[in-house]
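A quick write-up on the structure given underneath.
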Amino acid sequence: MASGDDYVMIDADMGDSDDDINEDDEEDEEDEEEMAEDAPAPAPERVEDDAAIARRRAIQAIQRDTSLSDAEKRMRIQNLMSGGRTEVTPQQAPVVPTPESRNVCGHYERNCNIVAPCCNRVFGCRICHDEMSPPGHPPMNRFHVREVVCKLCNTRQAASNHCISCQTVFGEYHCHICNLWMAQSRKPFHCHQCGFCRVGGRESFRHCNECCMCISVSVFNTHQCFKDKYKNNCPVCREDMFSSRQSPQDLPCGHAIHAHCFRKLAGFDYRCPICKKTVVSQQSMAAAWEARARDIAEHPMPADLQRSVDIICNDCEARSVRQNWHFLGTQCPSCSSFNTVQDQASAGGDPGAPPQNGQNRP
């Protein structure tokens, strides 16, 4: 049996050991932290692997879906990869424009905004939608528009030409097929063969069934017909010419190009961007060809740079052999054009020997 002094000593030790216990606890915690730092990282959970497999399968399902366009597939795959989700982000709620943004559309004169059927948001017109949408978002389908918003009273309603609330007329011209509202100053009309509205006046155009395009009556009888000629992209800006708001122009070679793109192209190139034929008439280019021929005659090539070349003319498509090469160009002996390309070259050309003009390859 322990004595009273022993109990006192025990009580004293217990009372004095509070600080010691705290110090021991702190040392234990430091040891545990060091062990946690030195311990290897836990293996990745199986959940992450399952999520990656599910996301990969979802992407494969999107790629196999033939009902989606390429733009829609890219947008859905991007939504999956950005957040690791297996579902496409839900569409945003409809946004009615504030009074300050009523007249932001600079493309058409109208008193209504349209509700985009693809994203359920409100824009001034389909062009505003395409310009303001993020990259990868599909263009608006004008034929799927079903709702409009009056600019005066902000009433959202079914597409028509009169507001059901304030009786405002939305546009001087309204096409219920194309869902188009605009002013009559541009003389819009709907072409049933083309499938949508054109501008310029119905009396000024005739539809060509071969070209599948409305052609101006001034050039209809002389234009070159090609099957679906205008159902191609402009070779300069790459915009679809059939549905473009910019007028196309026929080139002498038969290819089509936007008129405004042709004016820009003519500032630095006189050839068709597709076939490389001269787009200016030979009579107009005759003076330029003669001036270049004089420059070549006045500045012959040095002996160490002389050589003979075989050329192909882009204008008359003739092949000529052993023509004297010059850095200013090689003239076609058949049509006098300098719009030629080199087919084959050989060193040691003799500028004094007459070239074999007009000798064509079989």
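This note's numbering applies: residue 1068 is where the sequence shown begins, and numbers increase by one.
Note that beta-carbon positions come from the ideal geometry of N, C-alpha and C, so glycine has one too.
T1397 is a Cβ neighbour of I1378, given a cutoff of 8 Å. N1146 carries a helical assignment under DSSP once its states are collapsed to helix, strand and coil. Taking a 10 Å sphere around the C-beta of D1382, we find 16 or more other C-beta atoms and assign the residue as buried. Counting only unbroken stretches of 4 or more residues, the alpha helix (DSSP H) elements lying wholly within the segment 1169-1230 are 1193-1199, in sequence order. Remark: fewer than three beta-carbon pairs, one from each stretch, lie closer than 8 Å, so the segment 1318-1336 and the segment 1385-1404 are not flagged as touching.
In the DSSP assignment, D1307 forms a beta bridge with N1300. Close CB contacts of P1205 within its chain, under the 8 Å cut and outside five residues either way in sequence, are with S1136, A1138, E1139, M1142 and C1185 (chain order). Three or more Cβ pairs closer than 8 Å define a contact, and the segment 1402-1413 meets that threshold against the segment 1342-1356.
As a beta-bridge residue in DSSP terms, Q1316 pairs with I1324. Judged by beta-carbon spacing, C1342 lies beyond the 8 Å limit of W1248, meaning their Cβ atoms are not closer than that value. C1399 is classed as buried because its beta carbon has at least 16 other beta carbons within 10 Å across all chains shown. About 5 Å separates the CB atoms of H1274 and C1281; that is less than 8 Å, so the two are in contact. In the displayed model, M1352 falls within a helix according to three-state DSSP. Under a 10 Å Cβ-count criterion, M1148 is classified as exposed, with fewer than 16 other Cβ atoms of the shown protein chains found around its own Cβ. With 16 or more other Cβ atoms inside 10 Å of its own Cβ, I1181 counts as buried. S1387 sits buried, since 16 or more C-beta atoms from the chains shown fall within 10 Å of its C-beta. The three-state secondary structure of F1335, taken from DSSP, is coil.
Excluding its 5 nearest sequence neighbours in each direction, A1333 has no C-beta neighbour in its own chain below 7 Å.
The C-alpha of R1124 is placed about 42 Å away from the C-alpha of H1243.
Non-local beta-carbon contacts of C1301 in its own chain, meaning distances under 7 Å to residues more than five positions away in sequence, involve M1308, I1324, H1325 and C1328 in chain order. For R1273, the enclosing beta strand (DSSP E) starts and ends at F1272 to C1275. Rounded to whole angstroms, the separation of the alpha carbons of R1305 and A1358 is 35 Å. DSSP places L1247 inside the beta strand (DSSP E), whose first and last residues are L1247 to M1249. The three-state secondary structure of S1403, taken from DSSP, is coil. Burial of F1190 is indicated by the presence of at least 16 other C-beta atoms within 10 angstroms of its C-beta.
The beta carbon of G1267 sits closer than 7 Å to the beta carbons of K1254 from its chain, once the five residues preceding and following it are set aside; these are given in chain order.
Taking the Cα of C1261 as reference, the smallest distance to any Cα among E1239, I1231 and D1295 is reached at D1295.
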